[in-house]
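Everything in the sequence shown is counted per this note's numbering, starting at 165 for the first residue and increasing by one. First up is the structure itself, then whatever we jot down about it.
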Amino acid sequence: DAQSVVNWNTVLGAQRQIKKTGGWQYTYSLRWNRDTTEIPNQSTDKSDLLLPGISVDRTRSRGGMDPYWGDRQYYQIEAGSRQVLSDVDVVALRAGFRFLRTAANRHQFFFRTDAGALITNDLNAVPQSMRFFAGGDQSVRGYAYKAISPRDSAGVVTGARHLLTGTAEYDYEFIPRWRMAVFTD
165 DAQSVVNWNT VLGAQRQIKK TGGWQYTYSL RWNRDTTEIP NQSTDKSDLL
215 LPGISVDRTR SRGGMDPYWG DRQYYQIEAG SRQVLSDVDV VALRAGFRFL
265 RTAANRHQFF FRTDAGALIT NDLNAVPQSM RFFAGGDQSV RGYAYKAISP
315 RDSAGVVTGA RHLLTGTAEY DYEFIPRWRM AVFTD
């Protein structure tokens with residue numbers, strides 16, 4: 165039964181963050197990732213990956229805890245190879261953008277997009293922890309966290325090869341620090 169499947173994800177890694185001019189931050193990482201799936205009375209599958217990676221991001225904001233202006237962008241790449249301690253050849257690409265602006269002190273506009281892709285010849289060998297899911301308050305609101313994904317024959321989400329989500333939101337501040345919002349994800 166799909167409810168009794170147990171997934172474990174074990175990660176061991178190191179990273180080095182370097183701040184550059186203009187607010188950019190570079191993060192160089194190396195992580196070992198083991199995904200274990202246990203199906204009681206049937207099988208246990210393990211997948212190991214050694215993933216060197218680099219990410220670049222910048223966050224800017226004005227207004228402290230209740231910002232009125234800001235933006236964020238990030239880019240990340242990780243790769244694993246069967247030739248170097250990994251069970252599958254895979255390249256994972258991720259990118260995201262956030263944009264917040266306020267007009268006439270009461271009208272706030274927020275835009276968000278996230279994208280990702282897995283480049284591999286064998287998606288079934290890529291562990292679920294690396295696949296893409298959507299849903300939840302930082303993705304597609306109105307859906308449970310990680311509920312949007314392809315499903316297997318039992319109806320269990322399995323994760324996807326690609327991800328593309330977006331948000332457009334308008335907020336109106338009707339009294340200080342209280343806003344009404346209209347959005348689409």
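C-beta: ideal position from N, C-alpha, C; glycine also.
Quick one: what does DSSP say residue i is sitting in, helix, strand or coil?
{"i": "residue 244", "result": "strand"}
{"i": "residue 268", "result": "coil"}
{"i": "residue 288", "result": "helix"}
{"i": "residue 193", "result": "strand"}
{"i": "residue 293", "result": "helix"}
{"i": "residue 201", "result": "strand"}
{"i": "residue 280", "result": "strand"}
{"i": "residue 319", "result": "coil"}
{"i": "residue 186", "result": "helix"}
{"i": "residue 308", "result": "coil"}
{"i": "residue 176", "result": "strand"}
{"i": "residue 206", "result": "coil"}
{"i": "residue 262", "result": "strand"}
{"i": "residue 170", "result": "strand"}
DSSP has residue i in a bridge; who is on the other side?
{"i": "residue 344", "result": "336"}
{"i": "residue 254", "result": "244"}
{"i": "residue 216", "result": "194"}
{"i": "residue 233", "result": "226"}
Taking buried to mean at least 16 other C-beta atoms within 10 Å of its own C-beta, is residue i buried or exposed?
{"i": "residue 294", "result": "buried"}
{"i": "residue 298", "result": "buried"}
{"i": "residue 180", "result": "exposed"}
{"i": "residue 314", "result": "exposed"}
{"i": "residue 308", "result": "exposed"}
{"i": "residue 327", "result": "buried"}
{"i": "residue 178", "result": "exposed"}
{"i": "residue 256", "result": "buried"}
{"i": "residue 197", "result": "buried"}
With a threshold of 8 Å on Cβ separation, who are the neighbours of residue i within its own chain once the five nearest residues in sequence on each side are excluded?
{"i": "residue 250", "result": "212, 213, 214, 215, 244"}
{"i": "residue 285", "result": "253"}
{"i": "residue 341", "result": "230"}
{"i": "residue 248", "result": "214"}
Output yes or no for whether 8 Å exceeds the beta carbon distance between residue i and residue j.
{"i": "residue 246", "j": "residue 281", "result": "no"}
{"i": "residue 304", "j": "residue 230", "result": "no"}
{"i": "residue 277", "j": "residue 260", "result": "yes"}
{"i": "residue 218", "j": "residue 191", "result": "yes"}
{"i": "residue 258", "j": "residue 240", "result": "yes"}
{"i": "residue 273", "j": "residue 336", "result": "no"}
{"i": "residue 195", "j": "residue 233", "result": "no"}
{"i": "residue 208", "j": "residue 169", "result": "no"}
Which residues in the same chain as residue i place their Cβ atom closer than 6 Å to its Cβ, once the five residues preceding and following it in sequence are excluded?
{"i": "residue 291", "result": "199, 211"}
{"i": "residue 263", "result": "235, 275"}
{"i": "residue 321", "result": "313, 315"}
{"i": "residue 310", "result": "297, 299"}
{"i": "residue 220", "result": "190, 239"}
{"i": "residue 225", "result": "231, 234"}
Excluding the five sequence neighbours on either side, which residues of its own chain have a C-beta within less than 7 Å of the C-beta of residue i, listed in chain order?
{"i": "residue 165", "result": "Since pLDDT at residue 165 reaches only 47, below the 50 mark, its modelled position is unreliable, and no value is offered."}
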